[in-house]
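What follows is a single structure, written as structure tokens, with notes after it.
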Amino acid sequence: MLKFSSCIMMMFTDLPLPERITAAADVGFTGVEIQRPYDQDLDELARRLEAANVECTLLNTPYGDTDATKFGRASIPGEEAAFAVDLKLAMDSAEALGCSRVHVMSGTVPAGGNPAAHRQTLLSNLRAGAVAASARGMTLHIEPLNLTDNPGYFLIGQAMGHSIVEEAGMDNVKVQFDLYHAQMSEGFIADKIERYLAKSGYVQFAGVPGRHEPDDGEMNYEFLFAMLEDAGYDGWVGAEYKPRGDTVAGLGWAKAYGIG
24 MLKFSSCIMM MFTDLPLPER ITAAADVGFT GVEIQRPYDQ DLDELARRLE
74 AANVECTLLN TPYGDTDATK FGRASIPGEE AAFAVDLKLA MDSAEALGCS
124 RVHVMSGTVP AGGNPAAHRQ TLLSNLRAGA VAASARGMTL HIEPLNLTDN
174 PGYFLIGQAM GHSIVEEAGM DNVKVQFDLY HAQMSEGFIA DKIERYLAKS
224 GYVQFAGVPG RHEPDDGEMN YEFLFAMLED AGYDGWVGAE YKPRGDTVAG
274 LGWAKAYGIG
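Everything in the sequence shown is counted per my numbering, starting at 24 for the first residue and increasing by one.
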């Protein structure tokens with residue numbers, strides 16, 4: 024059976040962040056994504072995770088404070104030193120939370136920017152970062168997003184993501200396969216699962232349009248989740264969506280998996 028992780032930066036938002044860990048566990052989630060824990064008491068979060076017997080499955084590198092870095096800086100020429108600081112902070116935080124996966128946010132290409140230079144910067148940062156991550160037993164993820172929600176984002180499309188991972192040539196660098204972003208960017212999700220799932224390190228999902236519950240919108244997630252199961256996928260599946268209303272009331276999709 025698939026194992027699901029709740030993105031508690033988006034779900035259970037009526038509660039303070041530490042209490043969302045307990046709330047997610049109470050309805051049956053065995054993992055939580057804590058995208059940006061950087062303003063939190065990490066010791067308290069770690070205690071909550073241990074008490075709830077829940078794994079922190081993923082966190083993101085920090086956002087920057089400029090147009091180019093507002094979705095990260097890993098591909099931004101000239102930001103290499105700042106990225107190294109961001110990545111160390113992310114890995115330190117992940118280690119404190121018992122998390123072994125860090126999503127490396129690529130950043131945006133400004134008008135007139137050189138995509139080839141951004142690619143080489145990302146590759147260089149991934150290679151150096153992967154060495155540091157390996158020493159901690161961690162994996163770095165890159166995630167193709169979509170340009171509707173993330174205008175100018177460097178990394179778009181599964182083919183691009185996998186080509187960068189292949190070129191980076193590091194065993195602990197993987198693609199984070201978000202079905203929502205893939206549908207928004209490209210469509211043909213069943214085909215993408217057949218082509219890329221086996222090479223992906225993590226899966227996420229949300230309904231399209233709106234990024235709400237998976238049973239709200241144009242995507243047939245019952246069919247897609249069955250594809251993941253039939254393929255023998257045993258990694259985490261991240262529920263990274265914004266509930267239309269109360270989080271628990273919107274978990275009808277999850278009852279078949281013992282959640283809700």
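Idealized CB from N, CA, C, for every residue including glycine.
**Message:** Across the stretch 77–89 and the stretch 52–67, are there enough close Cβ pairs to call them in contact, namely three or more that are closer than 8 Å?
**Reply:** When C-beta atoms of the stretch 77–89 are compared with those of the stretch 52–67, three or more pairs fall below 8 Å, so the two segments count as touching.
**Asked** How would you label residue 40, buried or exposed, when you count the other beta carbons within 10 angstroms and need 16 or more for buried?
**Response** Buried, because 16 or more other Cβ atoms sit within 10 Å of the Cβ of residue 40.
**Host alpha helix (DSSP H) of residue 90 (start-end)** = Under the DSSP assignment, residue 90 falls outside any alpha helix (DSSP H); it carries neither an H nor an E label.
**Prompt:** Straight-line CA distance for residue 175 to residue 185?
**Reply:** Near 19 Å, if we compare the C-alpha coordinates of residue 185 and residue 175.
**Request:** Give the straight-line distance between the Cα atoms of residue 134 and residue 146, rounded to the nearest whole angstrom.
**Result:** If you take the alpha carbons of residue 134 and residue 146, they lie about 21 Å apart.
**Request:** Out of 26, 25, 189, 42, point me to the one whose CA is closest to residue 32's CA.
**Result:** Residue 32 has its Cα closest to that of 42, out of 26, 25, 189, 42.
**Inside the stretch 203–230 only - beta strand (DSSP E) runs reaching at least 3 residues** = You should have 223–228.
**Request:** Measure from the alpha carbon of residue 106 to the alpha carbon of each residue in 128, 118, 115, then state which is nearest.
**Result:** Comparing Cα-Cα distances from residue 106 to each of 128, 118, 115, the minimum goes to 128.
**Message:** Considering Cα atoms alone, identify which of 144, 260, 150, 241 is closest to residue 248.
**Reply:** For residue 248, the nearest C-alpha among the options comes from 260.
**Residues of its chain near residue 170, where Cβ-Cβ distance is below 8 Å and the 5 sequence neighbours each way are ignored** = 176, 179, 208.
**Request:** Report the option in 172, 151, 154, 63 whose CA atom is closest to the CA atom of residue 94.
**Result:** Answer by Cα proximity: 172.
**Asked** Is the beta carbon of residue 117 sitting closer than 9 Å to the one on residue 72?
**Response** Residue 117 places its beta carbon 9 Å or farther from that of residue 72.
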